[in-house]
Amino acid sequence: MTAQLDINQLLDELETGLRRILEERNVTEPAVIGIRTGGVWLADVLSKRLGIDQAFGELDISFYRDDFSRIGLNPKVKPSSLPFDTEGRDIILIDDVIMSGRTIRAAMNEIFDYGRPASIILATLIDLGARELPIQPDVAGRVLSLDAHQRVKLRGPDPLRIELQETGQ
């Protein structure tokens, strides 16, 4: 399975898909936002590949999670950083893995607290399906189906790599 998860191939797929969507939607000056942690690493790489000179934003969605009252605060929480105004902007929102859609919902809630964007394009490296909410990526590097005892994890930031992990079930 590791051979199928070549990071450069997945990044090429994301870049190609994003370029196509930006052209189709006539988006010329998108703002890029990565969801911590893996999405931030990807936002850095993809911003460079797409030739976007503006600094990218970083979201920490910890306070926006719908299970916050149950799980409490992660001690590694850092404030979000958006070095641009989201009001009226076309946003590329990037995360490493989408599964239930809950992380993306939390990220969009936070983005709207900063201002109402014109549009949000969702890009994820891996799409695992298993949605609990009707949220779909506009572009994904790869769609995977994992067994119950498997997990996929983006490691990085330098070098970026994908690990397929087996759990004890």
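Note that the sequence shown covers residues 1 to 169 in the UniProt record's numbering. Backbone N, C-alpha and C define an ideal beta-carbon position, used for all residues, glycine too.
Query                                                                                                                          : Result
In whole angstroms, give me the CA-to-CA distance for Q54 and D85.                                                             : 12 Å
Could you work out which residue in L128, E163, T103, D95 is closest to V32 when comparing CA atoms only?                      : D95
Could you spell out where the beta strand (DSSP E) holding Q9 opens and where it closes?                                       : Here Q9 belongs to no beta strand (DSSP E); instead the alpha helix (DSSP H) covers 7-24.
Check this for me: beta carbons of R102 and L122, under 8 Å apart or not?                                                      : no
Could you give the C-beta distance for G34 and L42, rounded to a whole number, given that I count them as a contact under 8 Å? : 6 Å
Mapping DSSP to helix, strand and coil, what is L98?                                                                           : For the sequence presented, residue 98 should be read as Ile rather than Leu. The answer is strand: DSSP assigns I98 an E or B state.
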